[in-house]
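Each remark here refers to the structure printed beneath this line.
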Amino acid sequence: MICYRLRCAHDHVFEGWYKDSSTFAMLRQKNLLNCPECGTSSVDQAPMAPAIVGRAPERLPQSDPTPTPDMAAPPAPVAGQMPPGLPDAMLSALRDVRRTIEENCENMGNRFADEALRIHYGEAPERGIYGEMSQSQREELEEEGVAFQNVPWVRDTDS
Numbered sequence: 048m049i050c051y052r053l054r055c056a057h058d059h060v061f062e063g064w065y066k067d068s069s070t071f072a073m074l075r076q077k078n079l080l081n082c083p084e085c086g087t088s089s090v091d092q093a094p095m096a097p098a099i100v101g102r103a104p105e106r107l108p109q110s111d112p113t114p115t116p117d118m119a120a121p122p123a124p125v126a127g128q129m130p131p132g133l134p135d136a137m138l139s140a141l142r143d144v145r146r147t148i149e150e151n152c153e154n155m156g157n158r159f160a161d162e163a164l165r166i167h168y169g170e171a172p173e174r175g176i177y178g179e180m181s182q183s184q185r186e187e188l189e190e191e192g193v194a195f196q197n198v199p200w201v202r203d204t205d206s
């Protein structure tokens, strides 16, 4: 597995886990990468520091054998490592979330922000909706106190 730091056209930074660099390149070429914050498929690699995995330093013998709280702490996760099967499980869960949203909510497309405002002010019936919005529309909804949530929108063809 390889972890890339990614950035979308709206400057949202996030991580992506891929089998190898060629898998990442193929998904990027086919526009199958999406920003989990805004959903745009305009995604590119962001600068990142390399992760270096090495041996843990040897501990010096301690004169006091009584364990201290820091000795009992679990080891910190190593950058670039993920439990086996987790990416597939995450994709599967995100596909389930998408399916549930599509089955129970109305797709407003690029009219999402306008309809969310109408619902917020009681001008339209309250119901679940989903769709797309620009950064300026996002800021307007936040200023007006409209509750909304970004959902990573994975395609059924992602693997």
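Sequence positions in the sequence shown follow the numbering used here and run 48 to 206. Glycine residues also receive a C-beta, built at the ideal position from the N, C-alpha and C atoms.
- Look at glutamate 84 here: in three-state DSSP terms it is coil, with no helix or strand label.
- According to the DSSP assignment, glutamine 196 belongs to no beta strand (DSSP E), since it is labelled neither H nor E.
- Where methionine 155 is concerned, the enclosing beta strand (DSSP E) starts and stops at 153 to 156.
- Per DSSP, the continuous beta strand (DSSP E) segment holding glutamate 62 begins and ends at 60 to 65.
- Contact check for cysteine 152 against arginine 185 fails: the beta carbons are separated by 9 angstroms or more.
- By the Cβ criterion, the segment 140 to 155 is in contact with the segment 191 to 202, since at least three pairs of Cβ atoms, one from each stretch, lie closer than 8 angstroms.
- As DSSP reads the structure, leucine 53 sits in a beta bridge with Phe61 and Gln92.
- Beta-bridge annotation (DSSP): isoleucine 176 is paired with Glu153.
- In the DSSP assignment, serine 69 falls within the alpha helix (DSSP H) that extends over 68 to 76.
- Closest by C-alpha distance to cysteine 85, out of Lys66, Trp64 and Cys55, is Cys55.
- In the three-state reduction of the DSSP assignment, leucine 79 falls in the coil class, being assigned neither a helical nor a strand state.
- For a cut-off of 8 angstroms, the C-beta gap from serine 88 to asparagine 78 is around 5 angstroms, short enough to register as a contact.
- C-alpha of aspartate 161 to C-alpha of serine 181: approximately 11 angstroms in a straight line.
- Glutamate 179 has its alpha-carbon roughly 25 angstroms from the corresponding atom of tyrosine 51.
- In the three-state reduction of the DSSP assignment, valine 144 falls in the helix class.
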